[in-house]
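Student: Top to bottom, those sequences are chains X and R. Residue numbers for the first sequence follow my numbering, beginning at 1 and rising by one. Residue numbers for the second sequence follow my numbering, beginning at 329 and rising by one. Built from N, CA and C at the ideal position, the CB exists for glycine as well.
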Amino acid sequence: MRNVIIFVEHSSGQTRKVTFELAAEARRLADALGGKAHALVAGSGSAALAQQLQNHPLDKIFHTEDPDVDKFLLDPAVDYLEAAAKSIGPAVILVPNTMLGRDIAGRIAARLDAGLASDVTELRVENGRVQCIAPKLQGSTITTCAFKGGDYGVITIRPNAFAAHPQATGAELVPLEKPAGKSYGMMVESDVEEASGEIGLEEAAVVVSGGRGLGGPEPFETLLKPLAEAFGGAVGASRAAADAGWVPYSLQIGQTGKIVSPQLYIAVGISGAIQHKVGMQTSGTIVAINRDGTVPIGECADLLVVGDLFQIIPALTTLVKGAKTAHA
Amino acid sequence: MKIVVTVKLVPDPNAVRRIDPATKRLVRAGVETALNPFDEYAIEAALQLKERLGAETTVTIFTMAPESMKESLRKALAMGADDAVMLSDPALEGSDVSVTSYAMAQALKKTGFDLILSGALSDDGNTGGVPGALAEYLGVPGLTNVRKIEEIGDGRIKAQRETDSGYQVVSGPLPALVTVTMAVGEPRYASLKGIMGAKKKTISTLSAADCGIDRLVGSDGAKMEVVSIAAPKAREKARVVEAEDGAAGAQAILDFLRERKLV
Ligand SMILES: Cc1cc2nc3c(=O)[nH]c(=O)nc-3n(C[C@H](O)[C@H](O)[C@H](O)COP(=O)(O)OP(=O)(O)OC[C@H]3O[C@@H](n4cnc5c(N)ncnc54)[C@H](O)[C@@H]3O)c2cc1C
Ligand SMILES: Nc1ncnc2c1ncn2[C@@H]1O[C@H](COP(=O)(O)O)[C@@H](O)[C@H]1O
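1. Along the chain, which unbroken stretches of the beta strand (DSSP E) at least 3 residues long are found entirely within the region 246–273 of chain X?
2. What is the residue span of the beta strand (DSSP E) that Asp-119 of chain X lies within?
3. For the 8 Å Cβ check, are there 3 or more pairs between the region 496–503 of chain R and the region 176–196 of chain X?
4. May I ask whether a heavy atom of ligand 2 can be found less than 7 Å away from the beta carbon of Pro-515 of chain R?
5. May I ask you to list the residues that DSSP assigns as paired with Glu-193 of chain X?
6. Alpha carbon to alpha carbon, how far is Leu-319 of chain X from Glu-203 of chain X?
7. Check whether chain R comes within 8 Å of Thr-143 of chain X, counting only Cβ atoms and requiring the distance to be less than that.
8. Counting C-beta neighbours from all protein chains within 10 Å, is the total for Gly-170 of chain X 16 or more, i.e. buried, or is it exposed?
9. Which complete beta strand (DSSP E) runs does the region 529–591 of chain R hold, if anything under 3 residues is left out?
10. I'd like to check one pair, Pro-67 of chain X with Thr-282 of chain X: are the Cβ atoms closer than 8 Å?
11. With which residues is Gly-210 of chain X paired in a DSSP beta bridge?
12. What would DSSP say about Gln-14 of chain X, mapped onto helix, strand or coil?
13. Specify whether the region 43–57 of chain X and the region 4–13 of chain X touch according to this definition: at least 3 beta carbon pairs, one from each stretch, less than 8 Å apart.
14. Of all the residues that make up the region 186–216 of chain X, which are near chain R by a beta-carbon distance shorter than 7 Å?
15. Rounded to the nearest angstrom, what separates Gly-197 of chain X and Asp-119 of chain X at their Cα positions?
16. Quick one: which chain X residues come within Cβ less than 7 Å of Val-555 of chain R?
17. Candidates X:Pro-179, X:Ala-242, X:Ile-253, X:Ala-24: which alpha carbon is nearest Ala-161 of chain X's?
18. Return yes when the Cβ of Thr-285 of chain X is within less than 8 Å of the Cβ of Leu-316 of chain X, no when it is not.
19. Going by Cα to Cα distance, which pick from R:Pro-560, R:Gly-440, R:Leu-502, R:Glu-490 is closest to Arg-484 of chain R?
20. Is it buried or exposed, Leu-381 of chain R, if we count other Cβ atoms within 10 angstroms and call 16 or more buried?
21. How big is the Cα-Cα spacing for Ala-205 of chain X and Lys-528 of chain R?
22. Could you pull the DSSP bridge partners for Ala-91 of chain X from this structure?
23. If we ignore side chains and look at the alpha-carbon of each, how far apart do Gly-382 of chain X and Leu-471 of chain R end up?
24. Do you know how far the Cα of Val-174 of chain X is from the Cα of Met-392 of chain R?
25. Strictly closer than 5 Å from CB to any heavy atom of ligand 4: give me those residues in the order they appear in the chain.
26. Mapping the DSSP letters down to three states, classify Asp-75 of chain X as helix, strand or coil.
27. Would the region 361–381 of chain R and the region 444–458 of chain R be scored as touching if the rule is three or more Cβ pairs under 8 Å?
28. Ligand 2 and Val-18 of chain X: does any heavy atom of the ligand fall closer than 7 Å to the residue's C-beta?
29. Below 8 Å on the Cβ atoms is my contact criterion, and I expect Thr-256 of chain X with Pro-159 of chain X to pass it. Report the Cβ-Cβ distance as a whole number of Å.
30. Hey, would you say Ile-142 of chain X sits closer than 8 Å to Ile-557 of chain R, going by beta carbons?
31. Relative to the alpha-carbon of Ile-389 of chain R, which residue among R:Asn-342, R:Met-432, R:Gly-460, R:Arg-353 has its alpha-carbon at the smallest distance?
32. Could you check which residue in R:Gln-579, R:Ala-487, R:Glu-587 has the C-alpha nearest to that of Val-305 of chain X?
33. Can you confirm whether the region 73–86 of chain X touches the region 457–475 of chain R when touching is taken to mean that 3 or more C-beta pairs between the two stretches lie within less than 8 Å?
34. Looking at the strands, I want to know which residues DSSP matches up with Cys-132 of chain X.
35. If you follow the beta strand (DSSP E) that Ala-511 of chain R is in, where does it begin and where does it stop?
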């Protein structure tokens with residue numbers, strides 16, 4: 001028997017969407033391993049979030065409202081995750097592969113002296129062993145890794161790679177005591193929102209991404225944003241656009257930016273350098289718009305429309321809006 | 329202030345890379361070794377601090393890698409780092425995140441530091457797990473995804489940390505481990521003088537025994553193993569549509585999305 005526990009990432013009183021994907025996967029793994037599915041949610045607002053999580057197929061939800069989790073960087077959250085994980089024995093720990101998740105994963109792995117499998121897009125249990133499948137080397141190789149020894153460890157999960165299956169299974173809520181004797185180093189003095197209200201790029205079902213072809217910051221606002229909104233999606237960018245200062249680096253997709261895997265990725269005025277492709281090539285459907293029909297993005301796109309983006313995007317936005325209303 | 333930059337040596341990001349099906353490790357033969365791109369930003373951040381803090385500040389490059397890769401560190405020295413230390417030992421081959429971080433921590437305890445700067449992610453393994461685990465094994469606080477160091481000195485650091493929706497201002501004591509994002513600034517090019525000077529700078533090596541590494545390391549100590557490797561599923565070739573005008577292009581996309589039930 002082996003238990004599974006997920007780390008719940010949340011901000012501004014909302015759980016990140018990837019949490020529900022982790023919950024569904026935790027359920028599936030726990031069933032295959034003969035254990036139970038747990039969650040940890042820590043920081044202010046956690047009691048309410050824990051209740052919401054009861055709509056997902058978990059057995060037990062640990063929670064704490066400890067304000068230190070928000071006041072100090074990482075350490076308090078890792079303390080609680082460590083305490084929760086230890087209370088359920090050698091467990092498989094699922095963490096989202098996000099900026100915060102990666103920080104947490106390395107720390108908890110060291111605390112528990114456990115292995116770490118990263119950016120996993122598929123999980124299997126074979127002969128009672130957990131197998132973690134992940135693309136490596138810029139997506140050119142798919143590796144299958146397993147934990148040695150006790151078969152427990154930490155796994156970071158790529159957002160959007162797994163489906164959520166909301167289902168209330170009567171999960172028990174368990175408040176946690178503060179772990180003893182810890183001192184915290186890094187204090188959060190202030191939190192500044194620069195892109196509030198926008199959905200997380202890594203979790204968006206549709207990403208509309210712009211590159212150097214947009215020629216400046218304005219078309220991101222006037223062309224890409226309306227199209228992304230029509231889909232209910234998010235705007236991304238190539239590094240060329242971020243380097244030019246047209247958009248913040250937080251929108252950059254690729255090797256040195258975010259890795260996304262939406263249902264639909266639309267690359268607008270992006271040539272598709274390998275460093276960009278590694279950040280988006282596992283997307284469900286890829287549409288590229290480029291005036292050059294020989295660009296490398298064509299190698300991973302499902303549809304390449306050769307034409308002028310400045311003409312196509314406004315027309316497409318109108319069509320998509322119309323299509324949505326027709327369905328509604 | 330003693331700054332140590334942890335640098336991973338990776339196969340040239342522009343070369344074709346593959347894994348040996350037998351050993352399930354990266355084939356390094358015939359592929360140039362380069363500094364992990366993210367780590368060049370960490371070096372840049374360190375050199376900016378050295379300029380800001382003056383001559384008392386030193387920048388040491390640290391890597392855990394086979395000794396044969398020694399010369400790949402010259403680029404970092406040419407950019408302006410003072411010296412370099414390698415942790416090299418055949419026993420360390422095949423180490424995973426957990427063992428790598430433990431071994432690096434043992435070596436860094438030996439070299440000493442006030443500030444460790446790391447990249448956020450490596451180009452080959454892309455786990456991003458090492459900096460967090462390293463901070464834990466060293467028992468120092470970690471400040472991750474820093475885009476700007478606002479203040480440093482008197483045993484404290486204050487920096488802007490990138491988040492998904494903006495940034496946080498975070499402060500705490502040194503020694504600490506800091507990871508940086510690309511927003512710290514483009515890595516500088518080495519000058520001709522820098523390149524000449526780098527030839528005379530010291531690259532010292534430590535063995536596992538030198539650092540008091542006393543537990544199983546390398547593939548024997550690793551907590552993870554690669555079970556198998558495979559090629560990714562090939563995508564079908566793109567359908568290419570020449571759009572006569574905006575309306576035609578937009579219609580072609582909408583039709584395609586309808587076909588795939590995406591609208
Ligand atoms: C170490 C390293 C890391 C990197 N990391 C990343 C990364 O994380 N993410 C990333 O994206 N890049 C990254 N890069 C940069 C990458 O190599 C490319 O330089 C970059 O992706 C190019 O951006 P782009 O496609 O927007 O620009 P370009 O390559 O200049 O492409 C612009 C495209 O727009 C098209 N276009 C222009 N005008 C129009 C129009 N009116 N209508 C239609 N099409 C038009 C052009 O035909 C062209 O194909 C990295 C590079 C290095 C060396
Ligand atoms: N073998 C190594 N030697 C030195 N630094 C390393 C090594 N492996 C990882 N790092 C550091 O940890 C960061 C993240 O790497 P990773 O966790 O492997 O993705 C890198 O950017 C380096 O700064």
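Tutor: From the atom records:
1. 264–268
2. Position 119 of the first sequence, counted from the start, is the residue given in the question as residue 119 of chain X. Note, Asp-119 of chain X: beta strand (DSSP E), 115–120.
3. Because the criterion of three Cβ pairs below 8 Å is met, the region 496–503 of chain R and the region 176–196 of chain X touch.
4. Here residue 515 of chain R refers to the residue found at position 187 when the second sequence is read from its first residue. False, no ligand heavy atom lies under 7 Å from that Cβ.
5. Position 193 of the first sequence, counting from 1, holds the residue named residue 193 of chain X. Glu-193 of chain X pairs with R:Gly-494.
6. One-based indexing of the first sequence puts residue 319 of chain X at position 319. One-based indexing of the first sequence puts residue 203 of chain X at position 203. Cα-Cα distance, rounded: 24 Å.
7. Translated into positions along the first sequence, residue 143 of chain X becomes position 143. Thr-143 of chain X counts as touching chain R.
8. The residue given as residue 170 of chain X occupies position 170 in the first sequence. It counts as exposed.
9. 531–534, 552–558, 567–570
10. On the first sequence, residue 282 of chain X is found 282 positions in, with the first residue counted as 1. On the first sequence, residue 67 of chain X is found 67 positions in, with the first residue counted as 1. Against a cut-off of 8 Å, the Cβ pair of Pro-67 of chain X and Thr-282 of chain X comes out as no contact.
11. On the first sequence, position 210 is the one that residue 210 of chain X refers to. Gly-210 of chain X pairs with X:Ala-237, X:Val-268.
12. As a position in the first sequence, residue 14 of chain X is number 14, starting the count at 1. Gln-14 of chain X: strand per DSSP, three-state reduction.
13. yes
14. Met-186, Met-187, Val-188, Glu-189, Ser-190, Asp-191, Val-192, Glu-193, Glu-194, Ala-195, Ser-196, Gly-200
15. Walking along the first sequence from the start, residue 197 of chain X turns up at place 197. Walking along the first sequence from the start, residue 119 of chain X turns up at place 119. Below a pLDDT of 50, predicted positions are generally treated as unreliable, and Gly-197 of chain X, at 48, falls in that range; the measurement from the model is reported next regardless. Gly-197 of chain X and Asp-119 of chain X: Cα-Cα distance of roughly 26 Å.
16. Position 227 of the second sequence, counted from the start, is the residue given in the question as residue 555 of chain R. By Cβ distance, chain X contributes Gln-131, Thr-144, Cys-145, Ala-146.
17. Taking the first sequence and counting its residues from 1, one reaches residue 161 of chain X at position 161. It is X:Ala-24 whose Cα lies nearest to the Cα of Ala-161 of chain X.
18. Within the first sequence, numbered from 1, the residue matching residue 316 of chain X stands at position 316. Within the first sequence, numbered from 1, the residue matching residue 285 of chain X stands at position 285. No, Cβ-Cβ distance for Leu-316 of chain X and Thr-285 of chain X is not below 8 Å.
19. In the second sequence, residue 484 of chain R corresponds to position 156, counting from 1. Cα-wise, what sits closest to Arg-484 of chain R is R:Leu-502.
20. To locate residue 381 of chain R, count along the second sequence from 1; it is residue 53. Looking at its Cβ environment, which holds fewer than 16 other Cβ atoms inside 10 Å, Leu-381 of chain R is exposed.
21. Along the first sequence, one-based indexing puts residue 205 of chain X at 205. Along the second sequence, one-based indexing puts residue 528 of chain R at 200. Cα to Cα, the separation comes out at about 53 Å.
22. Taking the first residue of the first sequence as 1, we reach residue 91 of chain X at position 91. The partner list for Ala-91 of chain X (beta bridge, DSSP) reads X:Asn-3.
23. Summary: the structure shown does not reach residue 382 of chain X, with chain X confined to residues 1 through 328, and so no result is reported for it.
24. In the second sequence, residue 392 of chain R corresponds to position 64, counting from 1. In the first sequence, residue 174 of chain X corresponds to position 174, counting from 1. Going from the Cα of Met-392 of chain R to the Cα of Val-174 of chain X covers about 43 Å.
25. In terms of ligand content, the structure shown lacks ligand 4 and carries ligand 1 and ligand 2 instead.
26. Looking up residue 75 of chain X in the first sequence gives position 75. Note: Asp-75 of chain X maps to helix in three-state DSSP.
27. yes
28. If you number the first sequence from 1, residue 18 of chain X lands on position 18. Val-18 of chain X Cβ: outside cutoff for every heavy atom of ligand 2.
29. Against the first sequence, residue 256 of chain X aligns to sequence position 256. Against the first sequence, residue 159 of chain X aligns to sequence position 159. For a cut-off of 8 Å, the C-beta gap from Thr-256 of chain X to Pro-159 of chain X is around 18 Å, too long to register as a contact.
30. The residue you call residue 142 of chain X lines up with position 142 of the first sequence. The residue you call residue 557 of chain R lines up with position 229 of the second sequence. The answer is yes: Cβ separation under 8 Å.
31. Residue mapping note: residue 389 of chain R aligns to position 61 of the second sequence, counting from 1. For Ile-389 of chain R, the closest alpha carbon among the candidates R:Asn-342, R:Met-432, R:Gly-460, R:Arg-353 is that of R:Met-432.
32. Residue 305 of chain X sits at position 305 when you count from the first residue of the first sequence. When each option's Cα is compared against that of Val-305 of chain X, the closest is R:Gln-579.
33. yes
34. Taking the first residue of the first sequence as position 1, residue 132 of chain X is located at position 132. DSSP lists X:Leu-123, X:Cys-145 as partners of Cys-132 of chain X.
35. If you number the second sequence from 1, residue 511 of chain R lands on position 183. Segment: none, Ala-511 of chain R is in no beta strand (DSSP E) and carries neither H nor E.
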